[in-house]
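There are 2 protein chains.
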Amino acid sequence: MDSMPALTEKQQAVLEFIAAATDQNGSPPTLREIAGHFGFRSKTAAADHIRALQAKGLLRQDAPRRARGLRLSGMGRRRPRLDIPIFGAIPAGFPQDRYQDAKGCVSVDLSTLGIKSTPRTFALEVRGDSMIGRHICDGDLVVLEHGRPPRSGDVVAALIDNQSTLKTYVQERGKPPHLQAENPKYPQLHPAAELVIQGVMIALLRKAESQF
Amino acid sequence: MDSMPALTEKQQAVLEFIAAATDQNGSPPTLREIAGHFGFRSKTAAADHIRALQAKGLLRQDAPRRARGLRLSGMGRRRPRLDIPIFGAIPAGFPQDRYQDAKGCVSVDLSTLGIKSTPRTFALEVRGDSMIGRHICDGDLVVLEHGRPPRSGDVVAALIDNQSTLKTYVQERGKPPHLQAENPKYPQLHPAAELVIQGVMIALLRKAESQF
DNA sequence: TGCAATACTGTCCAAATGGACAGTATGCCA
DNA sequence: TGGCATACTGTCCATTTGGACAGTATTGCA
Chain A
1 MDSMPALTEK
11 QQAVLEFIAA
21 ATDQNGSPPT
31 LREIAGHFGF
41 RSKTAAADHI
51 RALQAKGLLR
61 QDAPRRARGL
71 RLSGMGRRRP
81 RLDIPIFGAI
91 PAGFPQDRYQ
101 DAKGCVSVDL
111 STLGIKSTPR
121 TFALEVRGDS
131 MIGRHICDGD
141 LVVLEHGRPP
151 RSGDVVAALI
161 DNQSTLKTYV
171 QERGKPPHLQ
181 AENPKYPQLH
191 PAAELVIQGV
201 MIALLRKAES
211 QF
Chain B
1001 MDSMPALTEK
1011 QQAVLEFIAA
1021 ATDQNGSPPT
1031 LREIAGHFGF
1041 RSKTAAADHI
1051 RALQAKGLLR
1061 QDAPRRARGL
1071 RLSGMGRRRP
1081 RLDIPIFGAI
1091 PAGFPQDRYQ
1101 DAKGCVSVDL
1111 STLGIKSTPR
1121 TFALEVRGDS
1131 MIGRHICDGD
1141 LVVLEHGRPP
1151 RSGDVVAALI
1161 DNQSTLKTYV
1171 QERGKPPHLQ
1181 AENPKYPQLH
1191 PAAELVIQGV
1201 MIALLRKAES
1211 QF
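Right, dumping it as structure tokens:
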């Protein structure tokens, strides 16, 4: 009982060609192009392989009759990707145009890590070591989601003194929620109610210092 | 003298839509789809924008009359991406087929972070807290490059007792290089010469725990 | 003032494309 | 031996799609 249905050699070859051609041309091949590449005189031959690959879950075709509508799916290759804008700091609220003030973009597929694509996902470069207790270092890139309700213990970005700062969101029974830094050097506490929480941390990226 | 020719707002919007739609659908939009998205009643409007973008070098169309033949070019978008295989552990040496035993794949564009695409890049899931002193936690995903000569202070993956373990590579003047853990609980030292160094850490990914 | 670029509406057409059918041949398995 | 999946050839057809034309309106610039 394979989780991955077995592919015939031909089917494997067709799948690889589709992946390669898509990569090379920027759009998937047509049935006739596939047939042409393999020397088939009939595009139906290609269509048959496509059908088989679709049945085995390796290809998708979201819309019928769509030109070049083939799409690698499953573990075939090519996962959904997420362009996350990086902000140096978020002045206030949530920006209208996510890409307007972005310093750059990290394009990450973290489906493996369970991150869903949301238009409200963004990244922040960490300044300072106030979250060192959570092993978040200066220079780290924190991926956050705006609008997600924080749970106690979540790391959140909050607007304090007109600056985005990372804190831990703490909610204890019978007390109002508050934010706290994770560094004994800065034992600040902030009542959460007075602050704008800009996002809840969902992932972290770090570049090793000793690059080349 | 701009290196990048100025784009009008509309042109910018069209370019972004093409990028987004390509990403979402797996193939670039047609003229009519573009027109539809912006509420144009005539696809010629879209075609005009396309022409302008082509003239400014931001779009390509390699072949005429090719369905969905649009392609982002120049630095319009589309950074080089890197598919990094994730290993639970590396038994020995460096595997022939990088994707053979991979538990999954993270697809990351880290050009922003300065990571170059190398066929010898791979990722390892961290087990244990032996590197907690470097703020590398259990469950983190460490991106490594095989074959890169380590410098003193680099984090490396080494094969110890037939298991991949992360250590710090230390090279002190006049002494042989050795590896050390970054946790006072485990003050192990290993002479580097006896060990196989599988890779040098170049980046780190962490998923927040509270992913509901 | 006039000209060029931008930003569209609308129409006609030919090529590109996917889908459905009707067959043929081969190998494998019960 | 029959049945079934794979692997093709060939044809017809409705849509999809890009391209070319003919116009209109607006804006900025010389």
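Taken in order, these protein sequences are the chains called A and B.
Letter by letter, the first sequence follows residues 1 to 212 of the numbering used here.
Letter by letter, the second sequence follows residues 1001 to 1212 of the numbering used here.
In this text, a Cβ means the ideal position worked out from N, Cα and C, and glycines have one as well.
Looking only at its own chain, which residues have a Cβ that is under 8 Å from the Cβ of residue i, when we skip the five neighbours before and after it?
i	result
residue 1068 (chain B)	1027, 1028, 1029 and 1030
residue 183 (chain A)	129, 130, 131, 132 and 133
residue 33 (chain A)	21
residue 1153 (chain B)	1168, 1169 and 1170
residue 175 (chain A)	none
Roughly how many whole angstroms lie between the Cα atoms of residue i and residue j?
i	j	result
residue 196 (chain A)	residue 1131 (chain B)	34 Å
residue 41 (chain A)	residue 70 (chain A)	20 Å
residue 1064 (chain B)	residue 1135 (chain B)	53 Å
residue 172 (chain A)	residue 138 (chain A)	28 Å
residue 1016 (chain B)	residue 6 (chain A)	39 Å
residue 1157 (chain B)	residue 1208 (chain B)	23 Å
residue 11 (chain A)	residue 1018 (chain B)	31 Å
residue 180 (chain A)	residue 164 (chain A)	14 Å
residue 8 (chain A)	residue 1052 (chain B)	46 Å
residue 1066 (chain B)	residue 1038 (chain B)	22 Å
Less than 7 Å between C-beta atoms, sequence neighbours within five positions excluded: which residues of the same chain meet that for residue i?
i	result
residue 160 (chain A)	190 and 195
residue 148 (chain A)	200
residue 43 (chain A)	31, 32 and 35
For residue i and residue j, which I take to be in contact (beta-carbon distance under 8 Å), what is that distance rounded to the nearest angstrom?
i	j	result
residue 1186 (chain B)	residue 1177 (chain B)	Actually they do not touch by this definition, with Cβ atoms about 19 Å apart.
residue 1046 (chain B)	residue 1055 (chain B)	Between residue 1055 (chain B) and residue 1046 (chain B) the Cβ distance is about 15 Å, and since that is not below 8 Å, they are no contact.
residue 123 (chain A)	residue 143 (chain A)	5 Å
residue 1126 (chain B)	residue 1166 (chain B)	6 Å
residue 1025 (chain B)	residue 23 (chain A)	16 Å between Cβ atoms; not a contact.
Between which two residues does the beta strand (DSSP E) containing residue i stretch?
i	result
residue 56 (chain A)	First-last for residue 56 (chain A): undefined, no H or E at that position.
residue 180 (chain A)	178-180
residue 203 (chain A)	196-207
residue 1191 (chain B)	1189-1191
Report all residues from its chain with a CB closer than 6 Å to the CB of residue i; omit the five preceding and five following residues, and keep chain order.
i	result
residue 1205 (chain B)	1141
residue 14 (chain A)	49
residue 60 (chain A)	71 and 73
residue 226 (chain A)	No statement about residue 226 (chain A) is possible, as the shown extent of chain A runs from 1 to 212 and does not include it.
For the alpha helix (DSSP H) containing residue i, list its first residue and its last residue.
i	result
residue 32 (chain A)	31-38
residue 1015 (chain B)	1009-1025
Given the structure, does residue i come close to the ligand GTP, in the sense that its CB is under 6 Å from one of the ligand's heavy atoms?
i	result
residue 169 (chain A)	Only the bare structure without any ligand can be found here, which leaves the ligand GTP out of the picture.
For the stretch 131-155 of chain A, which segments carrying the beta strand (DSSP E) assignment without a break, of at least 3 residues, lie completely within its bounds, in sequence order? 141-145
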